[in-house]
Every structure is written in structure tokens, then in C-alpha cells.
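Chemist: Each residue of the sequence shown is one higher than the last, beginning at 20 in the numbering used here.
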Amino acid sequence: MSCMAELIYYCGTMDAGKSTLALQTAHNHESRGRTGIIFTCNDRAGAGVLSSRLGLQKAAVEVSVDLNLHSHVRELVSNGLRVEFVICDEAQFYSSEHIEQLALIVDGLGIDVYAFGILADFRTKLFPGSARLVELADRVNTLQVEALCWCGARATHNARTFGGTMVTVGEQVFVGDTDSDTVVGYEVLCRRHHMREITHSVAKEMKEIK
Numbered sequence: 020m021s022c023m024a025e026l027i028y029y030c031g032t033m034d035a036g037k038s039t040l041a042l043q044t045a046h047n048h049e050s051r052g053r054t055g056i057i058f059t060c061n062d063r064a065g066a067g068v069l070s071s072r073l074g075l076q077k078a079a080v081e082v083s084v085d086l087n088l089h090s091h092v093r094e095l096v097s098n099g100l101r102v103e104f105v106i107c108d109e110a111q112f113y114s115s116e117h118i119e120q121l122a123l124i125v126d127g128l129g130i131d132v133y134a135f136g137i138l139a140d141f142r143t144k145l146f147p148g149s150a151r152l153v154e155l156a157d158r159v160n161t162l163q164v165e166a167l168c169w170c171g172a173r174a175t176h177n178a179r180t181f182g183g184t185m186v187t188v189g190e191q192v193f194v195g196d197t198d199s200d201t202v203v204g205y206e207v208l209c210r211r212h213h214m215r216e217i218t219h220s221v222a223k224e225m226k227e228i229k
């Protein structure tokens with residue numbers, strides 16, 4: 020455990036490689052003989068799995084509404100398990116209370132916590148978990164891998180789509196992916212096209228692209 024532990028939040032749009040970086044971070048620690056815990060919530064691959072779009076995945080602890088992350092880690096440590104790092108993927112889906120529990124893990128147990136997630140939803144509103152992370156994290160890092168809008172510009176916004184058409188109403192949390200135009204899914208867009216609600220499919224219909 021580190022006496023200078025930190026809560027670090029890595030954020031970006033969908034397709035920016037957040038889960039891939041979470042898996043790489045776990046690998047880097049484990050390859051040095053360090054032991055940690057991985058949490059996730061609402062991963063596209065199902066409960067208790069941290070997965071990336073590159074096809075990599077790893078077992079994880081599913082974060083439920085009633086799971087106290089601090090108590091969970093503290094109990095493991097009390098039972099003799101070495102916990103030298105904590106990774107939290109899909110952190111946007113955590114509650115504000117979960118994020119405060121992560122801060123307690125850092126400050127009370129001296130364990131580094133690496134959180135990965137999306138800042139804003141399909142309506143450009145901050146997720147509660149992400150908002151609390153921005154408020155409490157020692158560092159907030161924007162991922163350097165830039166997702167691209169269909170126009171080639173840097174994607175800065177997440178759009179929810181239905182049949183390729185952007186939708187702006189609905190529940191904040193709806194698990195989907197970016198690989199389908201036929202069902203409810205997601206697409207990353209630049210601000211200009213998000214505000215104009217022009218997805219890749221709509222652009223094709225408008226003949227803005229071939």
C-alpha cells in the first residue's frame with residue numbers, strides 16, 4: 020500500500036479505449052507481482068466482466084446499488100488479502116456514494132484507485148458518478164486516444180441512436196454498443212454534428228458522405 024495513494028479518473032467518449040486502458044493497467048500491476056481488485060458495472064459483456072472492444076476481457080466484481088466498495092475492500096484486507104490497487108471500469112454508472120467510498124479506500128486504506136468512464140450521457144449531461152469523480156479525484160485525465168466522428172473530426176459527444184437516427188429522450192442508463200444501426204445503440208459525434216443530430220446514417224441519407 021502507498022502512503023501517497025491517489026484517486027485517478029481517466030475519462031473519454033465511447034470508443035476512446037477506456038476499458039482497454041483499464042485492462043492494460045491491471046496487466047501492468049499484475050506483471051510486477053501486485054495484487055488488486057477490479058470493479059465494473061453494466062459492462063456490455065455481462066455482469067462481473069471487464070471487456071474491451073478489442074476482444075479482451077477479465078473477471079471483475081459487479082458493482083450493485085447496495086455494494087459498499089470501501090467495506091468490501093476493507094474486509095478483504097482484514098482477511099489477509101493483499102490489495103495494492105483498485106480498478107473501477109464503467110465508473111459513470113457508479114452512484115455518488117460509490118465514488119465517496121472510493122475516496123475512503125484511497126484516504127483510509129492507502130490504496131491507489133484507478134477509475135475509467137464516460138463523462139456525459141447521450142443528452143450531454145454529466146453522469147452522477149462522473150460528476151462526483153471530477154469533484155473528488157486527485158487527478159482527472161482525458162484519454163489521449165481520440166475517437167472520431169463520421170466526418171473525421173475528434174468525437175466529443177456520445178449519441179444514442181435507434182435505427183441509425185439520434186434520439187434525445189429516454190433513461191440515462193441504457194447499455195448498448197457502437198456496432199449496430201438496426202437497434203438501440205450508440206455513436207460518437209463531434210459537437211457540431213451532435214447538436215445538429217446528424218449521425219452517420221443520416222449523413223448518408225443527406226448525401227453528405229458517400
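C-beta: ideal position from N, C-alpha, C; glycine also.
Let me know if A64 comes out buried or exposed under the rule of 16 or more other beta-carbons within 10 Å of its beta-carbon.
Modeler: Stepping through the sequence shown from its first residue, residue 64 is reached at position 45. Burial call: exposed.
Chemist: Alpha carbon to alpha carbon, how far is L121 from L88? Give it in angstroms, no decimals.
Modeler: To locate residue 88, count along the sequence shown from 1; it is residue 69. To locate residue 121, count along the sequence shown from 1; it is residue 102. One Cα belongs to L88, the other to L121, and the distance between them is close to 7 Å.
Chemist: Which complete beta strand (DSSP E) runs does the stretch 90 to 164 hold, if anything under 3 residues is left out?
Modeler: 104 to 107, 131 to 136 and 158 to 161
Chemist: Does S21 come out as helix, strand or coil in the three-state DSSP assignment?
Modeler: The sequence position of residue 21 within the sequence shown is 2, counting from 1. Low per-residue confidence applies at S21: pLDDT is 44, beneath 50, and the placement is therefore not dependable enough to give any value.
Chemist: Taking DSSP as the reference, what is the three-state secondary structure of E224?
Modeler: To locate residue 224, count along the sequence shown from 1; it is residue 205. Residue state, collapsed to three classes: helix.
Chemist: Using beta-carbon positions only, say whether C170 and H213 come within less than 8 Å of one another.
Modeler: Counting from one through the sequence shown, the residue named residue 170 turns up at place 151. Counting from one through the sequence shown, the residue named residue 213 turns up at place 194. Not in contact: C170 and H213 (Cβ atoms no closer than 8 Å).
Chemist: Following the continuous beta strand (DSSP E) through M185, name the residue where it begins and the one where it ends.
Modeler: Position 166 of the sequence shown, counting from 1, holds the residue named residue 185. T184 to V186 is the span of the beta strand (DSSP E), which, as asked, contains M185.
Chemist: Could you give the C-beta distance for I106 and I137, rounded to a whole number, given that I count them as a contact under 8 Å?
Modeler: Your numbering for residue 106 matches position 87 in the sequence shown. Your numbering for residue 137 matches position 118 in the sequence shown. Contact flag wrong, Cβ pair sits at about 16 Å.
Chemist: CB-CB under 7 Å to V164, same chain, minus the five flanking residues each way: which ones, in chain order?
Modeler: Position 145 of the sequence shown, counting from 1, holds the residue named residue 164. A35 and G36.
Chemist: Can V245 and G55 be called in contact, C-beta distance under 8 Å?
Modeler: Past the edges of the chain, shown from 20 to 229, lies residue 245, and the structure says nothing about it.
Chemist: Flag this pair as yes or no: are the beta carbons of A41 and D108 separated by less than 8 Å?
Modeler: Within the sequence shown, numbered from 1, the residue matching residue 41 stands at position 22. Within the sequence shown, numbered from 1, the residue matching residue 108 stands at position 89. Yes, these two residues count as a Cβ contact at 8 Å.
Chemist: Taking all protein chains shown into account, decide if M20 is buried (16 or more other Cβ within 10 angstroms of its Cβ) or exposed.
Modeler: Residue 20 sits at position 1 when you count from the first residue of the sequence shown. Reliability fails at M20, whose pLDDT of 45 lies under 50, so the model's placement of it is uncertain and no value is given.
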